[in-house]
Every structure is written in structure tokens, then in C-alpha cells.
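J.:
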Amino acid sequence: MDTKVVLIDEQHIDDELIREAGRIIRAGGLVAFPTETVYGLGGDALNPASSKKIYEAKGRPSDNPLIVHIADMESLPAIVENVPETAKKLAAAFWPGPLTMIMKKAAAVPGETTGGLDTVAVRMPSHSVALAFIEAAGGYVAAPSANRSGRPSPTVADYVVEDLGGRIEMILDGGDVELGLESTIVDLTVEPPVILRPGFVTEEDLVGVLGQVEQDATLFADDSGQAPKAPGMKYRHYAPKGELTIVRGSAAAVTDYINTGLSEGREKNKKTGVIATDETIGSYRADVPRSVGKRTDVNAVAKGLYRILREFDDEGVELIYSESFDGGGVSQAVMNRLLKAAGHRVIDVSCTRR
Ligand code: TXA
Ligand code: MG
Numbered sequence: 187m188d189t190k191v192v193l194i195d196e197q198h199i200d201d202e203l204i205r206e207a208g209r210i211i212r213a214g215g216l217v218a219f220p221t222e223t224v225y226g227l228g229g230d231a232l233n234p235a236s237s238k239k240i241y242e243a244k245g246r247p248s249d250n251p252l253i254v255h256i257a258d259m260e261s262l263p264a265i266v267e268n269v270p271e272t273a274k275k276l277a278a279a280f281w282p283g284p285l286t287m288i289m290k291k292a293a294a295v296p297g298e299t300t301g302g303l304d305t306v307a308v309r310m311p312s313h314s315v316a317l318a319f320i321e322a323a324g325g326y327v328a329a330p331s332a333n334r335s336g337r338p339s340p341t342v343a344d345y346v347v348e349d350l351g352g353r354i355e356m357i358l359d360g361g362d363v364e365l366g367l368e369s370t371i372v373d374l375t376v377e378p379p380v381i382l383r384p385g386f387v388t389e390e391d392l393v394g395v396l397g398q399v400e401q402d403a404t405l406f407a408d409d410s411g412q413a414p415k416a417p418g419m420k421y422r423h424y425a426p427k428g429e430l431t432i433v434r435g436s437a438a439a440v441t442d443y444i445n446t447g448l449s450e451g452r453e454k455n456k457k458t459g460v461i462a463t464d465e466t467i468g469s470y471r472a473d474v475p476r477s478v479g480k481r482t483d484v485n486a487v488a489k490g491l492y493r494i495l496r497e498f499d500d501e502g503v504e505l506i507y508s509e510s511f512d513g514g515g516v517s518q519a520v521m522n523r524l525l526k527a528a529g530h531r532v533i534d535v536s537c538t539r540r
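Note that the numbering used here has the sequence shown beginning at 187, numbered continuously upward.
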């Protein structure tokens with residue numbers, strides 16, 4: 187299949203291109219599109235055949251449910267059994283934006299879209315291209331991140347081309363995404379609501395609106411012994427090909443530990459990489475040193491992380507060390523993704539000696 191890649195400017199949206207993309211979806215085809223979080227791979231959420239195609243194009247297990255994207259609140263009642271009060275409050279505060287809510291699904295949503303679950307994940311993105319596209323597509327676009335299964339979510343259209351070129355009808359290239367990590371997912375079918383995936387809408391943000399929310403026990407732990415509630419979280423996501431280790435502790439001890447590890451790697455003729463910050467990057471001796479920006483700017487860290495993980499793969503890096511980015515707020519989203527990428531390999535140098 188030929189994939190049509192078109193540039194689309196968020197400030198001056200070409201209506202004809204959006205209509206063409208909408209027609210593809212309504213005819214059962216697939217279109218990748220930009221959102222404020224990451225690029226999505228869109229299909230008609232109410233058409234079971236489209237959802238099957240999404241799984242095929244991504245190489246994704248079909249028990250891993252898709253997020254249904256809508257463009258306005260009026261679209262919500264048709265796809266959920268009822269709209270909970272909690273959803274109304276959260277929508278008023280954070281939609282359109284990087285928040286996905288799990289609710290009981292209505293019959294209109296096929297099991298193919300929800301991985302057989304009786305719940306549905308719904309999000310209203312804030313990207314103006316995404317909103318125009320969803321509307322043109324009929325109002326309900328099922329969209330996982332537009333990467334092949336197991337690769338980091340794409341933050342630029344080139345990565346979508348790399349992963350899905352030849353497998354889908356069209357790619358809307360809207361340039362760099364704004365945030366770079368996937369939406370926060372909150373399950374509203376339980377009381378109190380539970381965060382299944384941390385993101386830019388933080389735990390504090392949700393508590394501010396709902397009073398009480400809990401975190402799924404599997405978000406940061408490897409061995410909590412519990413099955414994750416967002417089925418997608420059980421798959422080993424975001425994993426670079428090289429072996430990634432996160433090093434946590436005081437700045438000096440971390441630099442020391444990582445540099446020792448890097449030299450050992452080089453002695454074994456391994457290509458090495460490091461994920462650090464503007465403040466520290468100069469002190470590392472790695473083949474592929476990468477700074478995510480200033481340590482104080484957690485948004486920059488979030489935005490740069492997936493690009494860096496892909497660059498390590500492209501450069502054939504075999505051994506990777508990363509500084510740790512612990513903290514509240516958006517840091518929780520960063521650490522959740524980084525820990526998964528590292529397969530939870532973390533060294534704490536405040537209590538470990540080499
Ligand atoms: O920011 C985002 O959310 C991006 C953009 C494209 O909107 N989308 C995205 O989709 O990250 P995806 O498919 O890569 O991640 C969706 C996650 C998966 O972990 C999936 O298991 C979970 O949401 N999920 C979807 N429906 C669910 C449901 N009914 N119950 C629990 N988890 C669900
Ligand atoms: Mg994904």
C-alpha cells in the first residue's frame with residue numbers, strides 16, 4: 187500500500203486534506219495524525235473491521251484495548267453506558283487535553299475496539315488538527331500511539347513513516363508534538379478512581395478535582411505481584427534494543443557510577459549511550475551522549491525521552507545508562523516510562539557500593 191504523507195499546519199488547517207483523511211476513516215481505512223501527546227494511528231472506533239486493521243498495522247495483541255478519541259462533549263453519551271459525575275468534572279477541568287477516562291461502554295462500541303472489555307477509554311485531544319480530523323471522520327476515532335508494537339510512541343511524523351509507512355493509507359504530518367508522553371489514564375469505573383497511567387494531568391491535578399484518587403500498584407513497581415489494570419501496561423513497552431540501567435542517588439555518585447559502567451562497556455567493545463541533563467552531560471564519556479535538557483525542566487525531559495530512545499536504536503547503542511528523574515507531578519510520567527524502558531533495572535548508588 188502507498189502511504190500518502192501530507193504536511194498540515196496547525197495554524198492554517200487545509201480543510202480539503204482533513205476531508206480526505208475523514209473519508210479514508212469512514213471508508214474503513216487508517217490515518218495517522220498528530221495529537222498534543224504523541225502521534226495516533228486512527229481508525230473508525232465504531233467499525234470492528236477498522237479496529238482489526240489497527241492491530242494488524244501495529245503488530246499489537248488484540249486484547250490490548252484502544253482509546254476512542256472524540257471532538258466534543260456531545261459525542262460522549264453515545265459510547266458510554268452513562269456519563270458519571272466524575273467524568274463531567276474532569277472533562278470540565280482537563281478536556282480537551284491529555285487525559286483519558288475509562289467508563290462502562292455502550293453497545294455502540296464494538297468489542298474489537300475495547301479488546302473484549304465492557305469498558306471504554308475515551309479522550310478528547312486538544313490538538314486542532316486532531317479535533318478537525320476526528321470531526322471529519324465521523325466523531326469517533328480509535329487511536330493507539332502510531333508506533334509498531336514495542337517501539338517508543340512517535341513524537342514526530344518521520345517516526346510514524348518509519349514504523350507504519352506502507353501499512354496505512356495516510357499520515358498527517360503536523361510537526362513536533364507538544365508534550366511527548368501519552369495521556370494520563372484514569373479508571374472511573376471504580377471508587378475511588380484509579381490512575382492506570384501517569385501523564386501530564388498529574389495525580390495532584392486529579393485529586394484537586396475529585397478529592398481522592400489512587401495509583402495502580404503496578405505503575406512504578408516491577409514485582410507488585412498484581413496484574414496491571416490497563417492491559418497495555420503489561421506488555422514490555424518502550425524498550426530500546428540496548429540494555430538500559432537507571433542510576434539514582436546524589437549527582438556526584440551517579441556520575442561516578444555511570445562513568446565506571448561506561449568504561450567497562452567500552453572495554454568489552456560495546457557501543458555506549460547515556461541519558462543525562464544539560465548540567466551533567468559534559469562529565470560523561472559515552473559514544474552517544476544525550477541530554478534531555480535542563481534538570482529543572484521536567485517538560486523538556488518528557489518531550490525528549492522517546493526521541494532519544496529511538497536514536498540509541500538507530501545508532502546501534504548496546505549499553506545505556508540514564509540519570510533518574512524522581513519527583514512528583516510530571517516526573518511520575520517520565521519515571522513510569524523510563525522504568526518500563528529499563529525493564530525496571532535501577533541502581534541506587536546512595537546505598538550500593540561497587
Ligand atoms: O496520548 C495518548 O493517549 C495516545 C494518543 C494517540 O491519544 N494514545 C495512546 O494509546 O497512548 P495506546 O493504545 O498506545 O495506549 C492506550 C492504553 C493501553 O495501555 C490500553 O491498555 C489502555 O490504554 N486502555 C484502553 N482501553 C482501556 C480500558 N477499557 N480499560 C483499561 N485500559 C484501557
Ligand atoms: Mg502505545
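Here a beta-carbon is modelled for each residue, glycine too, at the ideal position from N, C-alpha and C.
1) Taking the alpha helix (DSSP H) that Ala279 falls in, what are its first and last residues?
2) So what's Asp230 in DSSP terms, helix, strand or just coil?
3) Hey, out of Ser369, Gly324, Leu227, whose CA is closest to Pro282's CA?
4) Leu193: buried (16+ other C-beta within 10 angstroms of its C-beta) or exposed?
5) For Val387, I'd like the list of residues in its chain whose CB is within less than 7 Å of its CB, leaving aside the five on either flank, ordered along the chain.
6) From Ser312 to Asp442, what does the alpha carbon distance come to, in whole angstroms?
7) Output the boundary residues of the beta strand (DSSP E) element that contains Asp359.
8) Sort out for me which residues DSSP pairs Tyr289 with in a bridge.
9) Return yes when the C-beta of Gly226 is under 7 Å from any heavy atom of ligand 1, and no when it is not.
10) How should Gln398 be labelled, buried or exposed, when 16 other C-beta atoms within 10 angstroms of its C-beta is the threshold for buried?
11) Output the distance between the C-alpha atoms of Pro426 and Ala528, rounded to the nearest integer angstrom.
12) For the beta strand (DSSP E) that contains Ile444, what are its first and last residues?
13) Using the Cα positions of Gly170 and Glu222, report the straight-line distance between them to the nearest angstrom.
14) Can you look up Glu368 in the DSSP assignment and give me helix, strand or coil?
15) Below 8 Å on the Cβ atoms is my contact criterion, and I expect Leu382 with Ala488 to pass it. Report the Cβ-Cβ distance as a whole number of Å.
16) Can we say the stretch 512-520 touches the stretch 467-476, given the rule of at least three CB pairs closer than 8 Å?
17) Can you give me the C-alpha to C-alpha distance between Val433 and Ile461, rounded to a whole angstrom?
18) So is the beta-carbon of Ser339 under 7 Å away from any non-hydrogen atom of ligand 2?
19) Starting from Phe219, follow the alpha helix (DSSP H) in both directions and report where the run begins and ends.
20) Opposite His255 in the DSSP bridges: which residues?
21) Taking Cβ to Cβ, would you say Ser308 is nearer than 8 Å to Ile265?
22) Given 8 Å as the limit, is there contact between the stretch 338-356 and the stretch 248-260, that is, 3 or more CB pairs closer than that?
23) Based on Cα-Cα distance, which residue from Gly514, Asp249, Gly385 lies nearest to Pro296?
24) Taking the alpha-carbon of Glu450 as reference, which of Gly468, Glu504, Lys480 has the nearest alpha-carbon?
25) Use the C-beta contact count for Pro338: other C-beta atoms within 10 angstroms, 16 or more gives buried, fewer gives exposed.
26) Following a CB-centred definition, is Glu348 positioned closer than 7 Å to any heavy atom of ligand 2?
27) Classify Gly468 as buried or exposed, calling it buried when 16 or more other Cβ atoms lie within 10 Å of its own Cβ.
28) For the stretch 189-206 against the stretch 314-326, do three or more pairs of beta-carbon atoms, one drawn from each stretch, fall closer than 8 Å, so that the two count as touching?
29) Does the Cβ-Cβ distance between Phe498 and Gly459 come in under 8 Å?
30) From Ala407 to Gly394, what distance separates their C-alpha atoms?
31) In this structure, does DSSP put Gln518 in helix, strand or coil?
32) Hey, quick one: how far does the alpha helix (DSSP H) through Gly490 stretch, first residue to last?
33) Give me the Cβ distance between Lys291 and Glu267, rounded to the nearest whole Å; I'm assuming they're in contact under 8 Å.
34) Give me the DSSP bridge partner(s) of Ile381.
T.: Once the coordinates are examined:
1) Start and end: 271-280.
2) Reduced to three states, the DSSP call for Asp230 is strand.
3) Distance from the Cα of Pro282 is smallest, within the candidate group Ser369, Gly324, Leu227, for Ser369.
4) Of the residues assessed, Leu193 falls on the exposed side of the cut-off, its CB having fewer than 16 other CB atoms within 10 angstroms.
5) Excluding five sequence positions before and after Val387, the CB atoms of its chain that fall closer than 7 Å to its own CB belong to Phe280, Gly283, Pro284, Leu285, Thr370, given in chain order.
6) Spanning the two alpha carbons is a distance of roughly 42 Å.
7) Here the beta strand (DSSP E) through Asp359 covers 356-359.
8) It should be noted that the sequence gives Met, not Tyr, for residue 289. Bridge partners of Met289: Val306.
9) Of the heavy atoms belonging to ligand 1, at least one sits nearer than 7 Å to the Cβ of Gly226.
10) Classified as exposed, Gln398 has fewer than 16 neighbouring CB atoms from the shown chains inside 10 Å of its CB.
11) Spanning the two alpha carbons is a distance of roughly 8 Å.
12) Per DSSP, Ile444 lies in no beta strand (DSSP E) segment; the continuous alpha helix (DSSP H) that holds it begins and ends at 437-453.
13) Any answer about residue 170 is impossible in this case: the structure gives the chain only from 187 up to 540.
14) The three-state reading of DSSP puts Glu368 in coil, since its state is none of H, G, I, E or B.
15) The C-beta separation of Leu382 from Ala488 comes to about 18 Å, leaving the pair out of contact by the 8 Å criterion.
16) Touching, no.
17) Their backbone Cα atoms lie some 10 Å apart in a straight line.
18) Answer for Ser339: yes, Cβ within range of ligand 2.
19) Counting along the chain, Phe219 falls outside any alpha helix (DSSP H), though it belongs to the beta strand (DSSP E) covering 217-219.
20) DSSP output for His255 lists Arg309, Val327 as bridge partner(s).
21) Looking at the sequence provided, one finds Val at residue 308 rather than Ser. The Cβ atoms of Val308 and Ile265 lie closer than 8 Å to each other.
22) These segments do not touch.
23) Of the candidates Gly514, Asp249, Gly385, the one whose C-alpha sits nearest the C-alpha of Pro296 is Asp249.
24) The residue with the shortest Cα to Cα distance from Glu450 is Glu504.
25) It is buried - the Cβ of Pro338 has at least 16 other Cβ atoms within 10 Å.
26) For ligand 2, no non-hydrogen atom lies closer than 7 Å to the CB of Glu348.
27) Classified as exposed, Gly468 has fewer than 16 neighbouring CB atoms from the shown chains inside 10 Å of its CB.
28) Contact between the stretch 189-206 and the stretch 314-326 is present, because at least three Cβ pairs lie under 8 Å.
29) Cβ distance < 8 Å, so Phe498 and Gly459 count as in contact.
30) Rounded to the nearest angstrom, the two C-alpha atoms are 25 Å apart.
31) Here Gln518 sits in helix by DSSP.
32) Run containing Gly490: 484-500, per the alpha helix (DSSP H) assignment.
33) Right, the Cβ-Cβ distance comes to about 7 Å (below 8 Å), so this counts as a contact.
34) Looking at the DSSP output, Ile381 sits in a beta bridge with Val372, Gln401.
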